[in-house]
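Numbering (our numbering), first residue to last: -5 to 550.
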């Protein structure tokens, strides 16, 4: 079988103007980035605002494992499959972060014959959105330190600086640093920190903003520090909003590319789901709903993170109403949850499958709590047996879920027709009564407890003293009605990555809490989650190269 990048490079792409024409756009609606990439103009978005919305289908997954699940692959293949059935489908996906491309995870363009292209562009610099976010984030950091250096008129307490610099790269040595070393003219010496760009609040703000006016309002609310009186100091106080917005002007516009089968794809924004809210931009999702009969979107990592945040944060803020949710699993991943070693997953093992399927069971139960119809799909592997597949099908149907196999990695859109037909049947016969799992007026502590107990299966929540104090402080500042954004390991329903399957009776450990006032949510950091990842011993970067004639190899 060819590699993903070989398949992508051998594909025949259509000019992006032809892709746009499928959904009623003209060349005047596009701002071109070469022949195969474009941004949607503000005028285009204003014109389409009058159109009716299509159906909104969210694709999510069980907890990720080394065996692979294929959530983005399924999303892309599903979009292609709807097109095979004569439906006008538009994808709304996230942009990949550079860090994981060179680390362990790899890119995020799908896989096999269900990919978005140009794959290399998307996984590397694309249209520069992440660079713009990095620059805006670090401009604010520079203005903050400069303000202190130039007399500190706002009385900023250097011990209470909350804003961190960012970089779109996995670089563990930048997690905790010291800045200002040198002479008096080099700034005040203080401890500082870096987060990866996808964990920057500006990424979340860009993804949740409706337009430029909303973006600027949100940027202005960013809390960068506290003064000596304990009062918040914002980006607006530092007079940073206009210059940050100027850097983000083009990044705010959604990007359009295509799948291997020429289905339109809006790929825009990409906050990590284990750190931030894990969804593509509101603007891209709303545009996709206006352009097509069906918008297929996804949320990062497992349903305990991405889907929960899609429902409780993004849909709540943007007024979205999901019509169905697709839950992706693989038999290999379920056996891994049942205790099978990675090198033995190709062998039939019904005992391990029955033990590991509890992870899928919990995600089904969780999604049903949001009152949205659930379709479970198995991303098919050649090593799956009929008995294993039949067991999973029966298991899902007994729990009120529709079920379909997906073979999009191998067969592209044709391999997703059964899944697409199943979803269309659900959209025709099952009504969504979507509602978030907690009301806005619930206290922050109760919101955390609701997610911990209802979604993760925890028995209790413990708080580090500083986290408990900050929760009270945030509430006093008037942000108690914000939704909570849980920062947690993606590998387990608990905050311990080693607890596979369906852990129960555990205590969720909250070690840090902070307000993302611009984004409009409170971040709750649990366990040992890192906001700046590191590289593995043998990073993917070792295998990436470019030939003398400019052909990139090694991306996957």
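By construction, the Cβ of each residue, glycine as well, lies at the ideal position given by its N, Cα and C atoms.
* CA-CA distance, residue 77 and residue 16? -> 11 Å
* Asked: Of all the alpha helix (DSSP H) runs that stay within the bounds of the segment 428 to 499, which reach a length of 4 or more residues?
  -> 438 to 444 and 459 to 470
* Are the segment 396 to 406 and the segment 365 to 375 in contact at 8 Å, needing three or more beta carbon pairs? -> yes
* Would you tell me roughly how many angstroms separate the C-alpha atoms of residue 436 and residue 475, rounded to the nearest one? => 7 Å
* Note down, in chain order, each residue of its chain lying with its Cβ closer than 8 Å to the Cβ of residue 228, except the 5 sequence neighbours on either side. => 214, 215, 216, 217, 218 and 511
* Asked: In the structure shown, what three-state DSSP assignment does residue 547 receive?
  -> strand
* If we ignore side chains and look at the alpha-carbon of each, how far apart do residue 189 and residue 329 end up? -> 34 Å
* Asked: Under the three-state reduction of DSSP, which class applies to residue 160: helix, strand or coil?
  -> DSSP, reduced to helix, strand and coil, places residue 160 within a strand of the structure shown.
* Asked: With a cut-off of 8 Å, do at least 3 Cβ pairs link the segment 309 to 324 to the segment 48 to 63?
  -> Contact between the segment 309 to 324 and the segment 48 to 63 is present: 3 or more CB-CB pairs across the two stretches fall below 8 Å.
* By Cβ distance, which residues of its chain are closer than 7 Å to residue 168, with the 5 residues on each side in sequence left out? -> 161, 188 and 526
* Around the C-beta of residue 271, are 16 or more other C-beta atoms found within 10 angstroms, so that it is buried, or is it exposed? -> Counting Cβ neighbours within 10 Å, residue 271 comes out buried, since at least 16 surround it.
* To do: Could you pull out every unbroken alpha helix (DSSP H) segment of at least 4 residues lying fully inside the segment 304 to 376, listed in chain order?
  => 325 to 331, 344 to 350 and 352 to 362
* If residue 453 and residue 499 are in contact, beta carbons under 8 Å, what's the gap, nearest whole angstrom? -> 5 Å
* **Beta-carbon proximity of residue 79 to residue 518, cut-off 8 Å** => no
* To do: Helix, strand or coil for residue 395, going by three-state DSSP, please let me know.
  => Three-state DSSP puts residue 395 in coil, outside helix and strand.
* Asked: Would you call residue 135 buried or exposed, if buried means 16 or more other Cβ atoms sit within 10 Å of its Cβ?
  -> Its Cβ being crowded by 16 or more others within 10 Å, residue 135 is buried.
* Does the beta-carbon of residue 560 have 16 or more other beta-carbons within 10 angstroms, so that it is buried, or is it exposed? -> Examination of residue 560 is not possible in this model, given that the chain is present from -5 through 550 alone.
* Unbroken stretches of the alpha helix (DSSP H), 4 residues or longer, contained in the segment 265 to 296 -> 276 to 285
* Asked: Should residue 309 go down as buried or exposed, given a rule of 16 or more other Cβ atoms within 10 Å for buried?
  -> buried
* Asked: Which residue or residues does DSSP assign as beta-bridge partners of residue 249?
  -> In the DSSP secondary-structure assignment, residue 249 is bridged to 33.
* Pick helix, strand or coil for residue 219, following the three-state DSSP scheme. => strand
* Measure the C-alpha to C-alpha separation of residue 345 and residue 331 and round it to an integer number of angstroms. => It is roughly 11 Å from the alpha-carbon of residue 345 to the alpha-carbon of residue 331.
* To do: Throw me the rounded Cβ distance for the residue 130 and residue 242 pair, which I believe falls under 8 Å.
  => 5 Å
* Give the DSSP-derived three-state secondary structure of residue 555 in the structure shown. => No statement about residue 555 is possible, as the shown extent of the chain runs from -5 to 550 and does not include it.
* In angstroms with no decimal places, state the Cα-to-Cα distance between residue 430 and residue 409. => 33 Å
* Asked: Is it the case that the Cβ atoms of residue 73 and residue 290 are separated by a distance below 8 Å?
  -> Less than 8 Å divides the Cβ of residue 73 from the Cβ of residue 290.
* Could you tell me how far apart the beta carbons of residue 254 and residue 30 are, in whole angstroms, since I believe they sit closer than 8 Å? => At roughly 12 Å, the Cβ-Cβ gap does not stay under 8 Å, so residue 254 and residue 30 are not in contact.
* With a 10 Å radius around its C-beta and 16 neighbouring C-beta atoms as the bar for buried, classify residue 170 as buried or exposed. => exposed
* Given residue 513 as reference, the closest of 325, 531, 275 and 376 once Cα atoms are compared -> The residue with the shortest Cα to Cα distance from residue 513 is 275.
* To do: Measure the C-alpha to C-alpha separation of residue 439 and residue 545 and round it to an integer number of angstroms.
  => Straight-line measurement puts the Cα of residue 545 at about 52 Å from the Cα of residue 439.
* To do: Sort 94, 444, 446 and 532 by Cα distance to residue 555 and report the nearest one.
  => Because the chain is modelled from -5 through 550, residue 555 falls outside the range shown and cannot be assessed.
* Chain-order list of residues whose beta-carbon lies under 7 Å from that of residue 183 (same chain, five-residue window excluded) -> 172, 174 and 175
* To do: Excluding the 5 residues preceding and the 5 following residue 59 in the sequence, name in chain order all residues of the same chain whose CB lies nearer than 6 Å to its CB.
  => Spatial neighbours of residue 59 in its own chain (CB-CB distance under 6 Å, excluding positions within 5 residues in sequence) are listed in chain order as 327 and 330.
* Is it buried or exposed for residue 141, if we count other Cβ within 10 angstroms and need 16 for buried? -> buried
* To do: Can you tell me which of 4, 33, 67 and 38 puts its alpha carbon nearest to the alpha carbon of residue 402?
  => 67
* On a CA-only basis, which of 92, 425 and 268 is nearest residue 164? Give me that one, please. => 92
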